[in-house]
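Reviewing the structure listed below.
Protein chains: 2
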Amino acid sequence: MGADNEKELSLKLFVVLTRALDSITSKIKDDIRGYGLNPTEFAVLELLYHKGEQPIQKIGDKVLLASSSITYVVDKLEKKGYIKRKPCPTDRRVTYAVITELGQTLMDEIFPKHMDAINDICAGLNVDEKKLLIEMLKKLGLFAKSI
Amino acid sequence: MGADNEKELSLKLFVVLTRALDSITSKIKDDIRGYGLNPTEFAVLELLYHKGEQPIQKIGDKVLLASSSITYVVDKLEKKGYIKRKPCPTDRRVTYAVITELGQTLMDEIFPKHMDAINDICAGLNVDEKKLLIEMLKKLGLFAKSI
DNA sequence: ATAATTTATTTCGAATTCGAGATAATGAAA
DNA sequence: TTTCATTATCTCGAATTCGAAATAAATTAT
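Sequence order for the protein chains is P and R. Position 81, counted from 1, in the first sequence is what the working numbering calls 81; the numbers after and before it change by one each time, with no gaps. So the mapping is simple: the working numbering equals the position in the second sequence, first residue as 1, plus 1000.
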C-alpha cells in the first residue's frame, strides 16, 4: 500500500492531491451553481468584489485563465448585469471590469454563504492542521512553480 | 496576512490548495505533452498499463471523467493505436479497453521518465513532509467527499 | 518624427468536457 | 414470460477553455 521509494511517494502525493481537490471543488461547484454562476464567473466576480475594478488582463493572472477566456467570462457577467466594462482614461488599450450595484448586492448576499459552505467542506481538519497544510502546500507549490 | 478566523482559514486553504495543484499540473502537462499525449489520454493509458484491461465505464470512475468523455478519449487513443476495444464475452453491454503492443512500448518508454519528472516537480518537500501531507490530504478529501 | 517593438483586448477555430437522451442488453418482479 | 427497472455505451449539442492571429494603442529605438 505505502509507497516504497521517493518517486512512488511523489506520484502518490500528486494523486492524493488531485483527488482531494477534486472532492472539494466538486462540493464547492454545487454551492456556486446554487447562486446561478459557474466557478469561473464566481471567481471573477469575487475578485472585483474584494479588490475593486481590475484591468481585464490582470484578471487572468489571478483567476488562472487565458486572456481570451477572460473576454468570454466578462461578456457573460456583463450580460447578466453583474459587471460592466469601463475604458481606462489614460491608456486606451486597457479596459477595466467593474462590479455593478446588482453584482454588489448579489455578492453581499451569497459570499457569506459561500464561505460557510467552504468551511463546512473543509471541516475534516482542525485549525492547526489547516495552518500546517497551508504552509506545506505553499512550499510545494512555490518550488514547483520555480522549476 | 494570516487568516484571523476559521472560515477565512478554510478559504485560504482552498485557494492555496488550488494554486499548488495548478503549479504542479502545469509542469506535469508540459511533461506529458512531450510524449504526444494530453493528460487525460495519459491517465487512461496509464490505468490500462498498470491495471490491465478495464470496462470503459470503470475507467471514468478512476480518471474522474463522465462516460461520454471516456468514449471520446478512448476513440482518440484507439485512433493513435495505443489501445483497442474488446467486447466482453459474457455481457454484451460491456466493452473493455485494452492496451496494445504499441501502447505498451510507449509506456515502457515514457512512464519512468514521467515518474522522474513528477519527483523533480515535487522536490520542494522531503519524504517525511510528503507522507504527512498525504495523510492530511486524505483526511481532508475523504471528509469533503462524505458530506 | 518614423519605424519597430511591446502590450491589451478581442476574434476565431479547435479541443475537451459535460449532461441529456438514445440504444441495447441484462436482471428483477409480476 | 412479459414487463419494468437498471446498466453500459454512445450520440449529440452546449459550455468552457485554449492558442494563434487580428486589431489597436502605447512605448522604445533610430
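The beta carbon of each residue, even a glycine, is placed where N, CA and C say it ideally should be.
- Around the beta carbon of P:K86, a 10 Å sphere encloses fewer than 16 other beta carbons of the protein chains shown; the residue is thus reported as exposed.
- If you ignore the 5 residues before and after R:T1095, its C-beta comes within less than 8 Å of the C-beta of P1055, I1056, R1085, K1086, P1087 and C1088, all in its own chain and listed in chain order.
- Non-local beta-carbon contacts of R:L1045 in its own chain, meaning distances under 8 Å to residues more than five positions away in sequence, involve L1037, L1077, Y1082, I1083, I1099, G1103, L1106 and M1107 in chain order.
- Proximity to R:F1111 across R:P1039, R:S1026, R:M1136 and R:V1063 peaks at R:P1039, based on C-alpha coordinates.
- Judged by DSSP in its simplified three-state form, R:R1085 adopts strand.
- When C-alpha distances from P:L9 are compared across R:K1138, R:C1122 and R:E1041, the shortest belongs to R:C1122.
- Look at P:T95 here: in three-state DSSP terms it is strand.
- In this structure, the beta-carbon distance from P:K62 to P:L47 falls below 8 Å.
- Fewer than three pairs of CB atoms, one per stretch, sit closer than 8 Å, so the segment 63 to 72 of chain P makes no contact with the segment 123 to 138 of chain P.
- Using beta-carbon distances, P:S10 counts as an interface residue toward chain R, with a partner under 8 Å.
- Across the structure, P:I70 and P:H50 are spaced so that their CA atoms are roughly 18 Å apart.
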